[in-house]
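Chains A, B, C, D, E and F supply the protein sequences, listed in that same order.
Residue 1 is where the first sequence starts when you use the numbering used here, and the numbers rise one by one after that.
Residue 1001 is where the second sequence starts when you use the numbering used here, and the numbers rise one by one after that.
Residue 2001 is where the third sequence starts when you use the numbering used here, and the numbers rise one by one after that.
Residue 3001 is where the fourth sequence starts when you use the numbering used here, and the numbers rise one by one after that.
Residue 4001 is where the fifth sequence starts when you use the numbering used here, and the numbers rise one by one after that.
Residue 5001 is where the sixth sequence starts when you use the numbering used here, and the numbers rise one by one after that.
Protein chains: 6
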Amino acid sequence: MPDSRAFVQHLSEALPYLQRFFGKTLVIKYGGAAMDQVEARLAFFQDMVLLRQVGIKPVVVHGGGPMITAMLKRVGKTTEFIEGLRVTDAETVGITEMVLAGAINKGIVAEINRQGGRAVGISGKDGNLIEAVKHRPTRPGQDPARPEDGIDIGFVGDVSRVNPALLEALDNSGFIPVVAPLGVGSQGETYNINADTVAGAVAGALRAEKLILMTDTPGVLRDPKDPATLISSLSLPEIERLTREGVLSGGMIPKIAACRQALEAGCKVCHIIDGRVPHAALLEIFTDAGVGTLVTLS
Amino acid sequence: MPDSRAFVQHLSEALPYLQRFFGKTLVIKYGGAAMDQVEARLAFFQDMVLLRQVGIKPVVVHGGGPMITAMLKRVGKTTEFIEGLRVTDAETVGITEMVLAGAINKGIVAEINRQGGRAVGISGKDGNLIEAVKHRPTRPGQDPARPEDGIDIGFVGDVSRVNPALLEALDNSGFIPVVAPLGVGSQGETYNINADTVAGAVAGALRAEKLILMTDTPGVLRDPKDPATLISSLSLPEIERLTREGVLSGGMIPKIAACRQALEAGCKVCHIIDGRVPHAALLEIFTDAGVGTLVTLS
Amino acid sequence: MPDSRAFVQHLSEALPYLQRFFGKTLVIKYGGAAMDQVEARLAFFQDMVLLRQVGIKPVVVHGGGPMITAMLKRVGKTTEFIEGLRVTDAETVGITEMVLAGAINKGIVAEINRQGGRAVGISGKDGNLIEAVKHRPTRPGQDPARPEDGIDIGFVGDVSRVNPALLEALDNSGFIPVVAPLGVGSQGETYNINADTVAGAVAGALRAEKLILMTDTPGVLRDPKDPATLISSLSLPEIERLTREGVLSGGMIPKIAACRQALEAGCKVCHIIDGRVPHAALLEIFTDAGVGTLVTLS
Amino acid sequence: MPDSRAFVQHLSEALPYLQRFFGKTLVIKYGGAAMDQVEARLAFFQDMVLLRQVGIKPVVVHGGGPMITAMLKRVGKTTEFIEGLRVTDAETVGITEMVLAGAINKGIVAEINRQGGRAVGISGKDGNLIEAVKHRPTRPGQDPARPEDGIDIGFVGDVSRVNPALLEALDNSGFIPVVAPLGVGSQGETYNINADTVAGAVAGALRAEKLILMTDTPGVLRDPKDPATLISSLSLPEIERLTREGVLSGGMIPKIAACRQALEAGCKVCHIIDGRVPHAALLEIFTDAGVGTLVTLS
Amino acid sequence: MPDSRAFVQHLSEALPYLQRFFGKTLVIKYGGAAMDQVEARLAFFQDMVLLRQVGIKPVVVHGGGPMITAMLKRVGKTTEFIEGLRVTDAETVGITEMVLAGAINKGIVAEINRQGGRAVGISGKDGNLIEAVKHRPTRPGQDPARPEDGIDIGFVGDVSRVNPALLEALDNSGFIPVVAPLGVGSQGETYNINADTVAGAVAGALRAEKLILMTDTPGVLRDPKDPATLISSLSLPEIERLTREGVLSGGMIPKIAACRQALEAGCKVCHIIDGRVPHAALLEIFTDAGVGTLVTLS
Amino acid sequence: MPDSRAFVQHLSEALPYLQRFFGKTLVIKYGGAAMDQVEARLAFFQDMVLLRQVGIKPVVVHGGGPMITAMLKRVGKTTEFIEGLRVTDAETVGITEMVLAGAINKGIVAEINRQGGRAVGISGKDGNLIEAVKHRPTRPGQDPARPEDGIDIGFVGDVSRVNPALLEALDNSGFIPVVAPLGVGSQGETYNINADTVAGAVAGALRAEKLILMTDTPGVLRDPKDPATLISSLSLPEIERLTREGVLSGGMIPKIAACRQALEAGCKVCHIIDGRVPHAALLEIFTDAGVGTLVTLS
């Protein structure tokens, strides 16, 4: 039985990783192709169930930009973007919340549960998980000492505080938390927050073993058009240098910022990996070769 | 200080009720005017926080029909009704879920939390809380032994099983669960379920001390147009009789059915109360006079 | 139903105080008019049961001077007073203990239990709760470095150590401790101790949230004969000044000393309130206006 | 070192008894000579501390008749006896309570604690430990179906219910409960109850391993004047027979009744032993020969 | 990366088995080729560590016949066999114990621990795990009602009682118990017991999910010389029949008897598998095809 | 009953020691005459059971030199000694392990269990309790900075690390650990270690209350031939001095070294006592006079 032999051989190879990550918390930003492609999607849900089953604790934070855009279009709401950020009025944030917390979040939950998992979908408002303040992009020529002079683009938020008690309660009872990237303001208002940012803040608050950000590229690339320029590991000081040199740009900026926040708050290591590869998360966790880009404190 | 005197007097009067309900679970269906009127709404949220604070465990199940209808209209979706039930295709149930689990549910959570509570919003899909099967209204002349011949109105569900582990985990950690009335089918599909029905099923599964259904009438009325015909208490046998006599009808039918299901599964007593009265739930729990209609097993 | 409305309104107003004091320990010196007047007495017992029911932890320390005096008279025992303190020979302390621990203490317990509480009466000898040494009033012209030269007035004690394990065991099991102000010496001998002093020492040892001393005046008065001269708050430095100025005198001296000891050992705040007002303790705890005199560290 | 050798030999001989009684509850009625003679008294207190130290759980119930009589005489209160029971008016029961719960109880506590124990003194009113009803001796010719026609001798009580939660809380925290034989009526009134009766009721409620009643005789004697007529063991049926034959009489009657009540409620065995012998309780527990009279169910 | 792909695919395929056996106890008789061949031996130790790591609880029972025989020879001790059982005098059982509990047991422990496990080696004497009585083979013509007339072959034992407290303590602390097949008699004497028998008794006492017996054949064979005659499953009734037909014989007899004992005491299923195949235990547990012979109650 | 009287008197005298050592861990090196003489042996086992029964936690470490020598002789293995240490090749350490872990260890376990105890025998390999490295006696003229140049005498070990988790698991479940003095090397190989050394290392790792080393002399003697020269107490500085003076020599050297290691790692006090006296351990623990030599830090 040649295949059985490979099967048990592979299980045996997993042992050192099972030992290393037992009881550890992994925060995983789920989005992009891993959410859109059928095979990668199903594999991701299986991975989450497998991790929980062997005593590793995944916390999933998901995004949902395209579906929000589609819904806004459906209800005839046009959107303006400033500095790459959607200007978000009260109606827009309401629709955003419905899509994130009502549609995408519960869809992920149902699929994980179909694989035999026990997922629970929450948003940053539940149990006051994510407290937020208004995000104000800097105006040209703005006095850096006065962030309150930044541009008002509505209900787009920055994380001001994470209250992880709800995540801990769910963890202790064996549930897999699935988090929609919304925050709650001091008056109870809702803020839309970048999902990478939320994942970084949660990984920091939980002092997670790993933060894994799934993207649609093989990792951080020196030349975004050439996969062969993958940077396999980066420390925060190197990031400083590469940023000054203009190598890091575009969608990588918030991911790198999320890694920085997580690492500085006590998360051990971060990974930016290619979500288009089925079981990418499992590969990252259970092999030494590693996939994508490793980001470390120093 | 006359007012202070009344204040402490009232606190003292609450003592016997505090003692009686300490540690007990109350399932409360929240909807109608209590949701729409500002004063009643705020009072309701305060009541939930107060109950949890004094060691009583509320579980809130909410409805949301009008907001669903508005959203469907907004996206240009027309709706057909059969036997008073919305024919619910896949797109409709998707929008229903977004409104219930994404908008209404999180709004209630944020408001309870603003009052100092620790609410967590979930739907019946989270932790497989509510397992559901397709609800098929009976066709005229249908063989009663073949319920599967009933009319297919899409993703409208009946509760087939309640898995209360998630509610218990939240309770044990001091959270107030707020439940959107959705269920999950055996293939992971979503079902919209009547909120009274969900509340009754949850009250039964938790063997709750009380099921409280909030309505827009003073309770069960002999003559729906005459508040003076309030029936202050009803047993299941009396309900049988009144149903045969045609006294119970319209929106009371699902409420009465929810009470019956809850009582038969082990819930102690049920109350149908007037949600238009601010603090109606608190009044029901903390006074002997009682408000609305009490429904008991026998 | 106008009264019901006020009732639920009042319950709602209590919410912030319920949240603030949940799980906190309050040490209450009970005595004077609150013990002698029927209405205030009954109200006090209800208050203790209510506090425990909502998760606040009262510890009651009671006095009993008049009843001791009556009993000594009854058995034909004459008493000499030195510096306002009863000279207490072995027989006197025996009768004192019988009255405090056997009559008054058990009477309070039975009344709290009649209100539905679960009180347990103990003295400072039980579980070695209050360890004591002989109190020796200073002789005129005595060398301050030699307190052992003070006057021997028998079995009147100072607290030398509090062992709170018994209070904690009772608290953890949901009981309300009621403490008779007696201490035990190193040879097992009994000491009568001022009840304010015991309350202060216990509040300090438990690092209580509040020490509440019930008196027969509205609080600390600048002019003991004029209630309008109530001092609503006092810090320890202000007390120093007022003492030097001779404003504080008589029965207030031991109360102020008890506050000082409690605050210096870690009790948060102290209150000297008017026990003649029914539900005075509840009013102090559940209103912001406050009653009587607040004593704070600084 | 001959004595050391005997010392360790004796410790070794204790082993089987330590194993047999570990974690078991023993209820011990303490009174008579064991209370009055210095050597027996001190030995008793050491025994209680030793038992608790090795993981056996003693509950002490004490009497106090002579001291009550002395105190009543002291305050000039004359007493009438009916059927050997003191007619107990409100003042008498008040003095009784002071003596039992205030003087004797706290004296025992202090002495046990001096031996290094952690005793706590309570009465049957604390934590509603002993609920009582009026005891009415039967009138000559009274209809047995109407016990309420019995003689009213005031506040002398029968145990109607034992609530052992307080004893369990003290046990779990490592304290030795010392119980004064008083009960509380439905209106909060105090009842004096025979200490043997209380011990029997408590032993039954706790399903104790042993009830030990200390007396001033070697045990149950066929001829009260001849120690050689000691009956070493008795079953309930044998007691029936001896009672009919008139062999059992006087002070043995309530002791035998206490044994019966304890055994019928689930206490394993009862012992009536000679409290004049120092360490009598320890001897009974740690030797096979046994001392006094063993009383068993059958 | 083709191999990585197979790797994660195989991990995913393990999920249903991980879910099914989580928290379950498996008793595994380890011996024969799995002990003697280097590859199979190493694979076995890895398997035990892997099982424990993923929350499955293995209990290993080992044999050791050849090594005992070698040691007896070494010390010049000749051995007689009766009915296939070694006649075991006091010296022989002493050497047997040294080899089993001192050499083989500790060797297995050290190897499991080298793989990162936390094994603890015990024998049936530790914590009185296996209580035993003398095994007496039946004499020809012996009265079946008098087993005590059987042949005395010395210190060969039958299991009379299993005390699983030690196994549970080790399990709860995350250790893997490794058990040498020895029992202790009522006088403290040692008995050598067949390892299959011990495994069956332990599996029954623990109500294990599986008993796995490793042999040097593919399972139960109809013709011991022809692997193609493997019987893939057997119920107890079928075993009765095959035994009567003489199909089951030789070394299979004690294995079948061990299965019967385990199943009748509450073990779910038994497997007789080919220990020569590396990772045989893992293959049995993690594949549906199954390997060897399954033995079930009915 | 004069003897009973002495019996209870002795129990009472034990009380202060029971109080002082309750819950404390005592590590006891068991060997020499206490192992060989029937009376002392039986007394020792009773003592261990008694200690555990009264809540004191013994950990037994045993030796076994003579039995190892006998077994080696039996199998025709000659032994060379260098610096008083047995040169230990692979075969020798294998036989040593069999004798220590398989014969002596399990014999002690069975005897303790016969006295009603719950002993569990382990070696330093179980749960990786004792990690070891090769012990290399210093060569004459060897560079002290190069311990690796010492003489290779095979599998004789030094303790490099103690992992007390297994001892704690056994303690928490009420078992008495009995430890064979073997260690495990980084490649899984076995090392024979001096039992005094193991006891000292374990006492240090557990921060034991006492380390008790049983010898065949009255303690440390100034003149080994004259018991009258017993040194009743020694501090580490005094040991330094006596060592320099050449007073300490022979078998006392490793015992003194074990005491030093234990004390420096946090063990409170050490005792070197005369194991030939029955119940020597109990006498040491339960009398103030003390027996043998007390070794303290300073």
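Using N, Cα and C, we set each Cβ at its ideal position, and we do this for glycine too.
Q. Should N1128/B be flagged as near chain A, meaning a C-beta pair shorter than 7 Å?
A. Stepping through the second sequence from its first residue, residue 1128/B is reached at position 128. Closer than 7 Å to some Cβ of chain A, the Cβ of N1128/B qualifies, so yes.
Q: Please classify S2081/C: is it buried, with 16 or more other beta-carbons within 10 angstroms of its beta-carbon, or exposed?
A: In the third sequence, counting from the first residue as 1, residue 2081/C sits at position 81. Reading off the sequence, residue 2081/C comes out as Phe, not Ser. By the 10 Å Cβ count, F2081/C comes out exposed.
Q: Whole angstroms is fine: what's the gap from K1134/B's alpha carbon to C1259/B's?
A: The sequence position of residue 1134/B within the second sequence is 134, counting from 1. The sequence position of residue 1259/B within the second sequence is 259, counting from 1. In a straight line, the C-alpha of K1134/B is about 21 Å away from that of C1259/B.
Q: Please check if any C-beta of chain D sits within less than 7 Å of the C-beta of H5010/F.
A: In the sixth sequence, the residue the question calls residue 5010/F occupies position 10. H5010/F has a beta carbon lying within less than 7 Å of a beta carbon in chain D.
**Q.** Nearest candidate by alpha-carbon position, reference E264/A, set A228/A, G102/A, E240/A, L236/A
**A.** In the first sequence, residue 264/A corresponds to position 264, counting from 1. It is L236/A whose Cα lies nearest to the Cα of E264/A.
Q. Can a CB atom of chain F be found closer than 7 Å to the CB of T3162/D?
A. For this step, residue 3162/D is matched to residue 162 along the fourth sequence. Sequence check: residue 3162/D is Val here, not Thr. No - not a single Cβ of chain F is within 7 Å of the one on V3162/D.
Q. According to the neighbour-count rule (16 or more other Cβ atoms, all chains shown, within 10 Å of its Cβ), is Q3261/D buried or exposed?
A. Looking up residue 3261/D in the fourth sequence gives position 261. With 16 or more other Cβ atoms within 10 Å, it is buried.
Q: Could you list the residues in the segment 2071 to 2089 of chain C with a C-beta less than 7 Å from some C-beta on chain D, going in chain order?
A: If you check each beta-carbon in the segment 2071 to 2089 of chain C against every beta-carbon of chain D, the ones closer than 7 Å belong to R2074, V2075.
Q: Can you pull the chain A residues whose beta carbon is under 9 Å from the beta carbon of Q4019/E, in chain order?
A: Here residue 4019/E refers to the residue found at position 19 when the fifth sequence is read from its first residue. Neighbours of Q4019/E on chain A, chain order: V49, Q53, G116.
Q: Output yes or no for whether 7 Å exceeds the beta carbon distance between V87/A and I153/A.
A: Within the first sequence, numbered from 1, the residue matching residue 87/A stands at position 87. Within the first sequence, numbered from 1, the residue matching residue 153/A stands at position 153. A contact, by the Cβ cut-off of 7 Å.
Q | Residues bridged to L26/A (per DSSP) | A | For the purposes of this step, residue 26/A is taken as the residue at position 26 of the first sequence. Partner(s): P58/A, K210/A.
Q: For A3169/D, go through chain C and note every residue whose CB falls closer than 8 Å to its CB, in chain order.
A: Start at 1 with the first residue of the fourth sequence, and residue 3169/D comes out as number 169. Taking a Cβ-Cβ cut-off of 8 Å, the neighbours of A3169/D in chain C comprise A2169, L2170, N2172, S2173, F2175, given in sequence order.
Q. Quick check: the segment 1182 to 1191 of chain B against the segment 1214 to 1231 of chain B, are there 3 or more CB pairs under 8 Å?
A. No, the segment 1182 to 1191 of chain B is not in contact with the segment 1214 to 1231 of chain B.
**Q.** Outcome for G4266/E when other beta-carbon atoms lying within 10 angstroms are tallied against a minimum of 16
**A.** Your numbering for residue 4266/E matches position 266 in the fifth sequence. Residue burial annotation: G4266/E is exposed, with fewer than 16 other C-beta atoms found within 10 angstroms of its C-beta.
Q | In DSSP terms, what H10/A is bridged to | A | Residue mapping note: residue 10/A aligns to position 10 of the first sequence, counting from 1. DSSP output for H10/A lists no bridge partner at all.
Q.
Less than 7 Å between CB atoms is the rule here; does E4013/E satisfy it with respect to chain F?
A. Indexing the fifth sequence from 1 puts residue 4013/E at position 13. So, not an interface residue.
Q | Short Cβ contact (7 Å threshold) for N5105/F with A5034/F | A | For the purposes of this step, residue 5105/F is taken as the residue at position 105 of the sixth sequence. For the purposes of this step, residue 5034/F is taken as the residue at position 34 of the sixth sequence. In this structure, A5034/F does not lie closer than 7 Å to N5105/F by Cβ.
(Q) Please classify R3118/D as buried or exposed, where buried requires at least 16 neighbouring CB atoms within 10 angstroms. (A) Here residue 3118/D is taken as the residue at index 118 of the fourth sequence, counted from 1. The residue in question, R3118/D, is buried, as its Cβ has 16 or more Cβ neighbours within 10 Å.
Q: Measure from the C-beta of H4279/E to each C-beta in chain A and report whether the shortest distance is under 7 Å.
A: In the fifth sequence, residue 4279/E corresponds to position 279, counting from 1. By this cut-off, H4279/E is an interface position.
Q. Nearest to L3297/D by alpha carbon, out of A3280/D, V3291/D, F3286/D, V3269/D?
A. The residue given as residue 3297/D occupies position 297 in the fourth sequence. Nearest C-alpha to L3297/D: V3269/D.
Q) From the beta carbon of E3240/D, is the nearest beta carbon of chain C less than 7 Å away? A) By 1-based counting over the fourth sequence, the position of residue 3240/D is 240. With 7 Å as the cut-off, E3240/D does not count as an interface residue toward chain C.
Q: Using a threshold of 7 Å, state whether the C-beta atoms of D5274/F and A5280/F are closer than that.
A: Here the question's residue 5274/F lines up with position 274 in the sixth sequence. Here the question's residue 5280/F lines up with position 280 in the sixth sequence. Yes. Within cutoff.
Q.
Looking at S1173/B: is its Cβ nearer than 7 Å to the Cβ of A169/A?
A. Here residue 1173/B refers to the residue found at position 173 when the second sequence is read from its first residue. Here residue 169/A refers to the residue found at position 169 when the first sequence is read from its first residue. Cβ distance < 7 Å, so S1173/B and A169/A count as in contact.
Q. Using a Cβ-Cβ cut-off of 7 Å (strictly less than) and excluding sequence neighbours within five positions of A2199/C, which residues of its own chain qualify?
A. Counted from its first residue, the third sequence places residue 2199/C at position 199. These residues qualify, in order along the chain: V2027, K2029, V2061, L2211, L2213, A2258.
Q) Does A5289/F get closer than 7 Å to chain E when you measure Cβ to Cβ? A) Taking the sixth sequence and counting its residues from 1, the one referred to as residue 5289/F is at position 289. Taking CB atoms only, A5289/F has no neighbour in chain E less than 7 Å away.
Q | chain D contact for P5002/F (CB, 7 Å cutoff) | A | Residue 5002/F sits at position 2 when you count from the first residue of the sixth sequence. Confidence is the limiting factor: at P5002/F the pLDDT is only 47, short of 50, which leaves the residue's position unreliable and the question unanswerable from this model.
Q.
Tell me the rounded alpha-carbon separation between F5286/F and V4120/E.
A. To locate residue 5286/F, count along the sixth sequence from 1; it is residue 286. To locate residue 4120/E, count along the fifth sequence from 1; it is residue 120. Here the alpha carbon of F5286/F sits roughly 34 Å from the alpha carbon of V4120/E.
Q) In chain D, what lies closer than 7 Å to L5282/F by C-beta? A) Along the sixth sequence, read from residue 1 onward, the residue named residue 5282/F stands at position 282. Chain order gives the chain D residues near L5282/F as V3008, L3011, where near means a beta carbon separation below 7 Å.
Q: State the DSSP-derived secondary structure class of C1270/B, mapped to helix, strand or coil.
A: Stepping through the second sequence from its first residue, residue 1270/B is reached at position 270. In the three-state DSSP reduction, C1270/B falls in the strand class (E or B).
(Q) Checking 7 Å against the spacing of the C-beta atoms, do T5025/F and A5289/F come in under that value? (A) The sequence position of residue 5025/F within the sixth sequence is 25, counting from 1. The sequence position of residue 5289/F within the sixth sequence is 289, counting from 1. No, the Cβ-Cβ distance between T5025/F and A5289/F is not below 7 Å.
Q: Return the residues of the segment 1018 to 1048 of chain B that lie within a Cβ-Cβ distance of less than 8 Å from chain C, sorted by chain order.
A: Of all residues in the segment 1018 to 1048 of chain B, L1018, Q1019, F1022, A1043, Q1046, D1047 have a Cβ within less than 8 Å of some Cβ in chain C.
Q | Nearest-angstrom Cα separation, counted from I1095/B out to P4002/E | A | For the purposes of this step, residue 4002/E is taken as residue 2 along the fifth sequence, with counting starting at 1. For the purposes of this step, residue 1095/B is taken as residue 95 along the second sequence, with counting starting at 1. Annotation note: pLDDT 48 at P4002/E (below 50); position unreliable, coordinate value reported separately. Distance between the alpha carbons of P4002/E and I1095/B: 42 Å.
Q: Could you please tell me which residues of the segment 2101 to 2115 of chain C, in chain order, have their CB closer than 7 Å to any CB of chain D?
A: Per Cβ criterion, the list reads A2101, G2102, A2103, K2106, V2109, A2110, E2111, N2113, R2114.
Q: Flag K4125/E as yes if its beta-carbon sits less than 7 Å from any beta-carbon of chain F, otherwise no.
A: The count along the fifth sequence starts at 1 and reaches residue 4125/E at position 125. Chain F, which has a Cβ nearer than 7 Å to the Cβ of K4125/E, makes this yes.
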